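Q: In the numbering used here, the protein residues as written are 1020 to 1184.
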C-alpha cells in the first residue's frame, strides 16, 4: 500500500465533508483505491472505528480487509523503535501523553507506513512545540515517514467525484 489512513480521516470525512449519504462517491473511491493496492489502514484504526455507534462502524465492519494486520515481525520491530522515541518525547509532554499515544492506533500506523514505505494520511499537523499530545507528523518526521492530509491525497491520486447527468 502506498498510503495508510489515520482514523481521523475517516471520522472527519463522515462527519463533515464526505457524509456517506451526501457523497457516497468518496467511500466508493476508497474501496477502488484499496482494490488497486493504493491505500489501506491498520487493524487498530479499524478497531477505533468499530468502537463507534454509527454508519462508519457498519462501513468498517463491511471493509475489514482494508485494515491491515500489524502482527508481523517488521511492524512489531518498527513499533518498538517508535515507542522508544515517543518515550523520549514524553518527558516534555503533559502526564498521560505517552500512554495515550501508545494505547491508540497512531504508533501502529506509523510503524506499518515505515516498513512499507507508505505515506501516512492524517489531519494532524506537524508542531514541534506541542506539549499536550504526541502528534503523528512529529513522529513521522523523526523516522522519515512522509505524511499528508486527505485533500493532498485526493489531489495526488487525482480523485474525481463527478455528478452524473
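From the three backbone atoms N, C-alpha and C, an ideal C-beta is built for every residue, glycine too.
Predicted model only: the values in this text are computed from it and were never measured.
Which residues does DSSP list as the beta-bridge partners of residue 1202?
A: Residue 1202 lies beyond the stretch modelled for the chain, which goes from 1020 to 1184, so this question has no answer here.
Q: Quick check on this structure: which residue in 1129, 1094, 1150 has the alpha carbon closest to the alpha carbon of residue 1167?
A: As a position in the chain shown, residue 1167 is number 148, starting the count at 1. If we check each option's Cα against that of residue 1167, 1129 comes out closest.
Q: Suppose the cutoff is 6 Å on Cβ atoms and the five residues either side in sequence are ignored; what does the same chain contact list for residue 1109 look like?
A: Working through the chain shown from its first residue, we reach residue 1109 at position 90. Within the same chain, residue 1109 has close Cβ partners 1116, 1117.
Q: Can you have a look at residue 1036 and say buried or exposed, based on whether 16 or more other CB atoms are within 10 angstroms of its CB?
A: Counting from one through the chain shown, the residue named residue 1036 turns up at place 17. Exposed: under 16 other Cβ atoms inside 10 Å.
Q: At the level of alpha carbons, what is the spacing between residue 1070 and residue 1076?
A: Along the chain shown, read from residue 1 onward, the residue named residue 1070 stands at position 51. Along the chain shown, read from residue 1 onward, the residue named residue 1076 stands at position 57. Between residue 1070 and residue 1076, the C-alpha separation is close to 7 Å.
Q: For residue 1084, collect the residues of the same chain with a Cβ closer than 8 Å to its Cβ; drop the 5 residues on either side in sequence, then sort them by chain order.
A: As a first step, residue 1084 is located in the chain shown; it is residue number 65 there, counting from the start. Closer than 8 Å at the Cβ level, and outside the excluded window around residue 1084, lie 1053.
Q: Please state whether the Cβ-Cβ distance between residue 1143 and residue 1155 is less than 7 Å.
A: As a first step, residue 1143 is located in the chain shown; it is residue number 124 there, counting from the start. As a first step, residue 1155 is located in the chain shown; it is residue number 136 there, counting from the start. Yes, they are a contact pair.
Q: Since residue 1061 and residue 1086 are thought to touch, with beta carbons under 8 Å apart, how far apart are those beta carbons, to the nearest angstrom?
A: The residue you call residue 1061 lines up with position 42 of the chain shown. The residue you call residue 1086 lines up with position 67 of the chain shown. With 8 Å as the limit, residue 1061 and residue 1086 qualify as a contact, their Cβ atoms being about 6 Å apart.
Q: Between the beta-carbon of residue 1039 and the beta-carbon of residue 1046, is there less than 7 Å?
A: Taking the first residue of the chain shown as 1, we reach residue 1039 at position 20. Taking the first residue of the chain shown as 1, we reach residue 1046 at position 27. Closer than 7 Å, so yes.
Q: Measure the alpha-carbon distance for residue 1064 versus residue 1107 and round it to whole angstroms.
A: As a first step, residue 1064 must be located in the chain shown, where it is residue number 45. As a first step, residue 1107 must be located in the chain shown, where it is residue number 88. Taking the straight line joining both Cα atoms gives about 24 Å.
Q: Tell me, which residues are paired with residue 1086 by DSSP?
A: As a first step, residue 1086 is located in the chain shown; it is residue number 67 there, counting from the start. Bridge partners of residue 1086: 1060.
Q: Distance check for residue 1124 and residue 1029, CA to CA, integer angstroms please.
A: Indexing the chain shown from 1 puts residue 1029 at position 10. Indexing the chain shown from 1 puts residue 1124 at position 105. Taking the straight line joining both Cα atoms gives about 13 Å.
Q: Along the alpha helix (DSSP H) that carries residue 1158, what are the first and last residues, could you check?
A: As a first step, residue 1158 is located in the chain shown; it is residue number 139 there, counting from the start. From DSSP, the alpha helix (DSSP H) with residue 1158 extends over 1155-1161.
Q: I believe residue 1169 touches residue 1032 by the beta-carbon criterion, under 8 Å. Please report the beta-carbon distance rounded to the nearest angstrom.
A: Here residue 1169 refers to the residue found at position 150 of the chain shown. Here residue 1032 refers to the residue found at position 13 of the chain shown. Indeed they touch by this definition, with Cβ atoms about 7 Å apart.
Q: My output table needs one value for residue 1045: the three-state DSSP class, helix, strand or coil.
A: On the chain shown, residue 1045 is found 26 positions in, with the first residue counted as 1. Here residue 1045 sits in helix by DSSP.
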